[in-house]
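Read the structure below first, then the notes.
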Amino acid sequence: MRKVILISTVTTFALMGVALAQMAPTKTGDSAKGKVLTDAQGMTLYTFDKDAGGKSACNGPCATNWPPLMASADAKPAASYTVVTRDDGGKQWAYKGKPLYTWKNDKKPGDITGDGFLNGAWHIAQP
């Protein structure tokens, strides 16, 4: 009986993990410029003007500075959220067709230090 309960509990937690990995970044947070989309930790999400056609143009060193908001391999589109495939084959969340990123220099929820970066090519993602 204990073995069945243990297996059931482990399965439940595993399924919860899969469900959480598939959830789109639907959180919003407050910033000096109003509401912004955030990741699960409350960090501001950004879009990049050089992304086009539902494809990320931010790879390599760019992705080190602007970590993509990764999706699980089996993530499914939901409402305004889609999933794009990155150059390395990984999956990334996009909002209204624009891939989403965090910015390495934001240190706490509500920070928007990446807004306007690179001559205005980076923008906070707003709902």
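In case it helps, mature numbering (1 follows the signal peptide of the UniProt record, and there is no 0) puts the sequence shown at residues -21 to -1, 1 to 106.
Think of the CB as a built atom: it goes at the ideal place given N, C-alpha and C, for glycine as much as any other residue.
Cβ neighbour criterion (16 or more within 10 Å) applied to residue i
i	result
residue 57	exposed
residue 93	buried
residue 53	exposed
residue 97	exposed
residue 71	buried
residue 43	exposed
Residue i - partner residues in DSSP beta bridges
i	result
residue 47	80
residue 27	101
residue 61	73
N-terminal and C-terminal residue of the beta strand (DSSP E) that residue i is part of
i	result
residue 16	13 to 16
residue 103	101 to 103
Boundaries (first-last residue) of the alpha helix (DSSP H) holding residue i
i	result
residue 8	That residue, residue 8, is in no alpha helix (DSSP H); its beta strand (DSSP E) goes 7 to 10.
residue 68	Per DSSP, residue 68 belongs to no alpha helix (DSSP H) and is neither H nor E.
C-beta contact flag for residue i and residue j at 7 Å
i	j	result
residue 48	residue 90	no
residue 21	residue 88	yes
Close-in-space but distant-in-sequence residues of the same chain around residue i (CB under 8 Å, 5 per side omitted)
i	result
residue 75	59
residue 83	43, 44, 45 and 46
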